[in-house]
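Trainee: Residue numbering for the sequence shown is 4 to 143, as defined by the numbering used here.
Beta carbons are placed, not taken as given, at the ideal position from N, Cα and C, and that holds for glycine.
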Amino acid sequence: MHHIYFIIKTPIKFIKGYIGVILKVHGMDYFAPLSSYKEKHKQMKETLDFIKVKTYSVINLNNMFPVQSKDYTYLDFSKEQDLNYKSLLESEYRYIKSIQGKIIKNASLVYKIKTSEKINSLTKRCNDFKLLEEKCRLYK
4 MHHIYFIIKT
14 PIKFIKGYIG
24 VILKVHGMDY
34 FAPLSSYKEK
44 HKQMKETLDF
54 IKVKTYSVIN
64 LNNMFPVQSK
74 DYTYLDFSKE
84 QDLNYKSLLE
94 SEYRYIKSIQ
104 GKIIKNASLV
114 YKIKTSEKIN
124 SLTKRCNDFK
134 LLEEKCRLYK
């Protein structure tokens, strides 16, 4: 795993960007977005593609997608002015760092299963990684 938190850059000024984890999968950088923790997540069990970051957020590895290094940037917590949000980011960061081995392993397995051409409940809910890699390489 490169760094834990990145913001995907967007050309639209009023959109802050997306926060997530950058992983090296199949030789490419992949962005696994963080999603806000919701009430429904309390009942859900972790799976290969669904990882809880305590009660802060969740990582859905089935939604990861390839990115080029020019399209993301490291999130500098020290620049965050909202102290509550900064504290949340730091707590998420510490926990994600503590389970990074699991995240990397699961991401690789999700990728391998999805690209194996077998159809099951996991592959049905995953992004088409091969197609996204192809499009990512074409993106300028």
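May I have the straight-line CA-CA distance separating SER60 from SER90, to the nearest angstrom?
Mentor: Distance between the alpha carbons of SER60 and SER90: 13 Å.
Trainee: Could you tell me the distance, in whole angstroms, from the CA atom of TYR77 to the CA atom of PRO36?
Mentor: Distance between the alpha carbons of TYR77 and PRO36 is about 14 Å.
Trainee: Where do the ends of the alpha helix (DSSP H) carrying ILE106 lie?
Mentor: 103-117 is the span of the alpha helix (DSSP H), which, as asked, contains ILE106.
Trainee: Going by DSSP, what residue range makes up the alpha helix (DSSP H) through PHE53?
Mentor: No alpha helix (DSSP H) contains PHE53, which is instead part of the beta strand (DSSP E) from 53-56.
Trainee: Any idea which residues DSSP pairs MET31 with across the strands?
Mentor: According to DSSP, MET31 bridges with VAL28.
Trainee: Helix or strand or just coil, what does DSSP make of ASN66?
Mentor: Looking at ASN66 - three-state DSSP - the assignment turns out to be helix.
Trainee: Is the beta carbon of ASN63 less than 8 Å from the beta carbon of SER101?
Mentor: Taking 8 Å as the Cβ cut-off, ASN63 and SER101 do not qualify as a contacting pair.
Trainee: Between the Cα of TYR33 and the Cα atoms of VAL70, THR50, THR58, VAL56, which residue gives the shortest distance?
Mentor: The residue with the shortest Cα to Cα distance from TYR33 is VAL70.
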